[in-house]
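In this note's numbering, the protein residues as written are 35 to 221.
Where a beta carbon is used, it is the ideal one built from N, C-alpha and C, also for glycine.
All remarks here apply to the structure that follows.
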Amino acid sequence: LNRTESGQSGRIFSGNSKYKGRRLKEVLGAWHSINFGGINCLVVSEVETTEAFAVIRWIALRLILLLCGTIIIVAIIATYITREMVRPISELLWGTRKIAEGNLDEAEFNTRAKHEIADLAHGFTLMLQKLRDNRLASSRHNWFSEGQNGLTEVMRGKMEITQISQVVLDFLASYLHFQTGVIYIRK
């Protein structure tokens, strides 16, 4: 305004600034000089900074709350997904440890997973069943071999038919856990 009064009447002045207003509160002000019918005027607009930035603070608060909510939701979902992925792996690990300890009867691979881990669990189940079948076959084979060797051992030497019959019958009854046994000899 001082410039306008000092002879620079054709020039337009405008600007904005932050300063203390009439009530000694911080305000944002904007001004613009205009020529109105040969009279130079200055239009000034002021608004308190708290009022001017209230909407920005409201938006910033909402954004912070939205960000915190998003972080919490993502953490919950990530925890759930991680737990759903780790649980089947833990079950597989438990089962493989039982197999390593030789506890084929305790090992199980029952997983409710519906992805590659379920395929892996199915493969472990097939392997476990094969190990159980092999253990049973080996056990049967060992039992039969031990019985055959034991029978061969008791039959060594020269014996009469009745003596051999009695030795064989005693061995078989003991080995098969029978109370009594009978062998008929035809003459």
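>> Under DSSP, the beta strand (DSSP E) around Leu-76 begins and ends at which residues?
In response: 73-82
> Buried or exposed: where does Ala-141 fall if 16 or more other Cβ atoms within 10 Å of its Cβ makes it buried?
Replying inline: buried
>> Starting from Phe-70, trace the beta strand (DSSP E) in both directions and tell me its first and last residue.
In response: 60-70
> Anyone know if the C-beta pair for Glu-80 and Val-61 falls short of 7 angstroms?
Replying inline: yes
> Quick one: Cα of Thr-38 to Cα of Asn-74, how far?
Replying inline: At Thr-38 the pLDDT is 39, less than 50, meaning the model places this residue with poor confidence and gives no usable figure here.
>> Going by C-alpha to C-alpha distance, which of His-156, Gln-200 and Tyr-209 sits closest to Val-216?
In response: Gln-200
>> Judging by CA-CA distance, which residue of Lys-52, Arg-117 and Thr-104 is the nearest neighbour of Phe-87?
In response: Lys-52
> According to DSSP, is Asn-237 helix, strand or coil?
Replying inline: A query on residue 237 cannot be resolved here, the shown segment of the chain reaching from 35 to 221 and no further.
>> For Ile-151, tell me which candidate among Val-188, Ser-208 and Ile-123 has the shortest Cα-Cα distance.
In response: Ile-123
>> Under DSSP, the alpha helix (DSSP H) around Asp-204 begins and ends at which residues?
In response: 195-209
> Which of helix, strand or coil does DSSP assign to Asp-139?
Replying inline: coil
> In terms of alpha-carbon separation, which member of Ile-105, Leu-127, Leu-99 and Arg-117 lies closest to Phe-158?
Replying inline: Leu-127
> Taking just the CA atoms, how far does Trp-65 sit from Glu-82?
Replying inline: 15 angstroms
> Does DSSP classify Phe-178 as helix, strand or coil?
Replying inline: helix
> Is it the case that the Cβ atoms of Gly-226 and Tyr-209 are separated by a distance below 7 angstroms?
Replying inline: In the structure as shown, the chain begins at 35 and stops at 221. Residue 226 is therefore absent and cannot be evaluated.
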